[in-house]
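Asks: Take 1 as the starting number for the sequence shown in my numbering and just add one per residue.
For every residue, glycine included, the Cβ atom is placed at its ideal position computed from N, Cα and C.
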Amino acid sequence: MDGIVLAGTASNVGKTVATLAVARALSEAGYDPIPAKAGPDYIDPSHHAACIQRPSRTLDTWMQGVDGVRRNLQRATRPSTETNADIDVNTNINTPINADLVGDTPINADADTTADADTDADADTDANIRTQPEQLTHPVAVIEGMMGLYDGSVTSTAATAVALNLPVALVVDAAAGMQSVGATALGFQQYAAHAELPSDVTAVVDDARVDVLGVIAARAHPGIHADGIEGSIPDGMEWFGYIPPISDLEIPDRHLGLHMGSERPIPTDAVAEAAETVDGEAIARAARPVARNSDHPVQGTADHPTHSHTDTPECHTDTPECHTDTPERHADTSAHHTDTSAHHTDLPTRSPSRFPAASNKTTPTSPEDPTIAVAIDEAFRFIYPATMERLRELATVTTFAPTAGDDLPDCDGLYLPGGYPELHAAELEDSPARSTIAERAADDLPILGECGGLMALVETLTTTEGETYRMAGILPGRVTMCDRYQALDHVELVASDDAVTASTGERHRGHEFHYSTHTFPTNDTFDVAADARFAFKVTRGHGIDGDHDGLHVHKTVGTYAHRHAASGAFDHLVEAARRYATGP
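(1) Can you tell me whether residue 572 is buried or exposed, with buried defined as 16 or more other CB within 10 angstroms of its CB?
(2) Taking the straight line between their C-alpha atoms, what separation do you get for residue 107 and residue 64?
(3) How is residue 379 classed by DSSP in three states: helix, strand or coil?
(4) Just tell me which of 434, 184, 178, 177 has its CA closest to the CA of residue 169.
(5) Quick one: give me the first and last residue of the alpha helix (DSSP H) that residue 65 is part of.
(6) Could you have a look at residue 455 and say whether DSSP puts it in helix, strand or coil?
(7) Residue 209: buried (16+ other C-beta within 10 angstroms of its C-beta) or exposed?
(8) Can you round the beta-carbon distance between residue 599 and residue 47 to whole angstroms, since I take them to be within the 8 Å contact cut?
(9) In this structure, how does DSSP classify residue 184 when only helix, strand and coil are distinguished?
(10) Considering only residues of the same chain and omitting the five flanking positions on each side of residue 466, which have a CB-CB separation below 6 Å?
(11) Is it true that the region 223 to 230 meets the region 195 to 203, where meeting means three or more beta-carbon pairs spaced less than 8 Å apart?
(12) Suppose the cutoff is 8 Å on Cβ atoms and the five residues either side in sequence are ignored; what does the same chain contact list for residue 140 look like?
(13) On the DSSP bridge list, what partners appear for residue 243?
(14) Could you give the distance in angstroms between the alpha-carbon of residue 158 and the alpha-carbon of residue 69?
(15) Can you list, in chain order, the residues of its chain whose CB lies under 8 Å from that of residue 580, leaving out five sequence neighbours each side?
(16) If you reduce the DSSP assignment to three classes, tell me which class residue 264 lands in.
(17) Take residue 293 and list the residues in its own chain whose beta-carbon comes closer than 6 Å to its own, dropping the five residues that flank it on each side.
(18) Spatial neighbours of residue 219 within its chain, please: CB distance less than 8 Å, with the 5 preceding and 5 following residues excluded, ordered by chain position.
(19) Can at least three beta-carbon pairs, one atom from the region 547 to 565 and one from the region 396 to 406, be found at a separation below 8 Å?
(20) In the DSSP assignment, find the beta strand (DSSP E) that holds residue 584 and state where it starts and stops.
(21) Can you tell me the Cβ-Cβ gap for residue 57 and residue 368, rounded? I've got them flagged as a contact below 8 Å.
(22) State the CB to CB distance for the pair residue 426 and residue 469, rounded to an integer number of angstroms; the pair is presumed to be in contact (CB under 8 Å).
(23) Measure the alpha-carbon distance for residue 463 versus residue 420 and round it to whole angstroms.
(24) Give me, in chain order, the residues of the same chain whose beta-carbon lies closer than 7 Å to that of residue 119; leave out the 5 immediate sequence neighbours on both sides.
(25) So, with DSSP's three-state summary, where would you put residue 533?
(26) Quick check: what's the CA-CA separation for residue 626 versus residue 265?
(27) Looking at residue 472: is its Cβ nearer than 8 Å to the Cβ of residue 488?
(28) Just how far apart, CA to CA, sit residue 291 and residue 142?
(29) At the level of alpha carbons, what is the spacing between residue 406 and residue 436?
(30) Where do the ends of the alpha helix (DSSP H) carrying residue 15 lie?
(31) Where does the unbroken beta strand (DSSP E) through residue 142 begin, and where does it stop?
(32) In chain order, what residues of the same chain have a beta carbon less than 6 Å from the beta carbon of residue 422, not counting five sequence neighbours either side?
(33) Can you pull the DSSP bridge partners for residue 516?
(34) Looking at the unbroken beta strand (DSSP E) that takes in residue 172, where does it start and where does it end?
(35) Could you check if residue 190 is buried or exposed, using at least 16 other CB atoms within 10 Å of its CB as the buried criterion?
(36) By how many angstroms is the C-alpha of residue 49 removed from the C-alpha of residue 515?
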């Protein structure tokens, strides 16, 4: 598989639209576009998946390591039966992931196999980016960057490009410039010699160079404007085309970033129009083979989960790493930890766990298989495809939609991912799953709630309008929404004890981005020092109280941190579910 990275000069320059236009241009040129996103974003990948009809991979060297991002991207070329259902994770969250969604149809092929092919041929011209199997000539990964090319400290778009040994196409907002676009491109190309890359990337990659080899001009008008920009591109750099200003390409945003692709998908005809002035063949020629895993995998990968990583660089970041381009992406966080003593190399490590081929199991293959319930609906949206793959490798996965009135299904473990519970608090309060989850938690059902999942597990949730709703009440305290984000960072956690998703001393990496605060009860029956149990100490980031994350009651853990499958957290969750299923 070849690939190319689309990097911006800054946030809000049109990277997402450029990514979709490039994917469309590649598809029309006969290539198979494979979408991915640098950094831990959930929202931009939802637009990739909605338009390209293929799950978009998350590539984050901080959370996955160099070999981890390589492996994660290579997994995208596996047969559709391994990842087809995960399109739902990024796009149609109203439909639970189940066996009916998993078949032999290629991911970006026409899903309607009952219609006559000749009848559908014309319709497919205006459909989302879908290529029939016989037309696929070569997969090309199209990786959307995060923020500006060099922005970030523990990871960046530049770090991702270097880790994958891929060239960079620079997306420049040309709305108010012409020859200056060429000057900007030249500056970004030459700055590569001065760029400081994360040490855990340069320690693995022999020739760690950022190669800016071409330009895509965003918001450029046809004619004199676009021609002038093309003429300004320095010798030796490629001109890949431009994206004209089209009103339908604008995506509305809200407090956590853009609306999801399932809510406000970019119109297909607008993407098709944008792709008309992008040279898909030139991009395919510029793309290079994606680097494969080293012979000796490093820590912080799918083979060596990041909880055993001990060479953590200690520095701050200004990256709102969990969502998409918003003005807040430039804001610095105020509650970082830089305690270098937290990175001693004598912490316990777990034996490496291999990631076998995903199986998308929907029924147990052996009596020992536990069942993990995963909430996927309007309130719980933020799930990485790799996480669902990992859960299916290890367990039977069943999904349910609490906001739609679904009760908790029969299961041996529960995963409540992040999302927007604050927008659907009334439905969560009325859901039968709320009381059932509380009852099962008291019975020691293993439960992991991340960010929005944490919010659903506490006693109450108060919205920015001042309305308070009852939640599951398993974890002590209440959550209150704020008008401004409260935490925004890549994080690192060290497990304080054995608590469902980690063993004592394990180090897990993730990210946090939330607008809520957690406060403990103030009544006489609750003493914070004595009664609050945390699963993790925070060595980078903010967590729940600035020093800890992972409130822990019974076998329930709620974190503000989002963790990738490479952390090993979901392996632990499945093992806890297995023990629960077999009994004492």
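Replies: So, from the listed chains and residues:
(1) buried
(2) Because the pLDDT at residue 107 is just 25, under 50, the model does not fix this residue reliably, and the point stays unresolved.
(3) coil
(4) 184
(5) 61 to 74
(6) DSSP places residue 455 within a helical segment (H, G or I) once states are collapsed to three.
(7) exposed
(8) Look at the range of the chain in this structure, 1 to 584, and you will see that residue 599 is not part of it.
(9) helix
(10) Short of 6 Å from the beta carbon of residue 466, and not among the five residues preceding or following it, lies no beta carbon of its own chain.
(11) no
(12) 1, 2, 3, 4, 26, 31, 32, 33, 34, 283, 284, 287
(13) 218
(14) 13 Å
(15) 370, 412, 413, 444, 445, 446, 555
(16) coil
(17) 67, 70, 71
(18) 14, 173, 174, 175, 243, 244, 245
(19) no
(20) Run containing residue 584: none; DSSP gives neither H nor E here.
(21) The Cβ separation is near 30 Å, so there is no contact.
(22) 6 Å
(23) Rounded to the nearest angstrom, the two C-alpha atoms are 11 Å apart.
(24) Low local confidence applies: a pLDDT of 33 at residue 119 is under 50, so the model's placement there is unreliable, with the coordinate-based value given in what follows. A distance below 7 Å between beta-carbons, with the five flanking residues on each side excluded, links residue 119 to no residue of its chain.
(25) Annotated three-state conformation of residue 533 is coil, per DSSP.
(26) Residue 626 lies beyond the residue range present for the chain, which begins at 1 and ends at 584; the question has no answer from this structure.
(27) no
(28) 14 Å
(29) 11 Å
(30) 15 to 28
(31) 139 to 148
(32) 463, 481
(33) 481
(34) For residue 172, the enclosing beta strand (DSSP E) begins and ends at 168 to 173.
(35) exposed
(36) 26 Å
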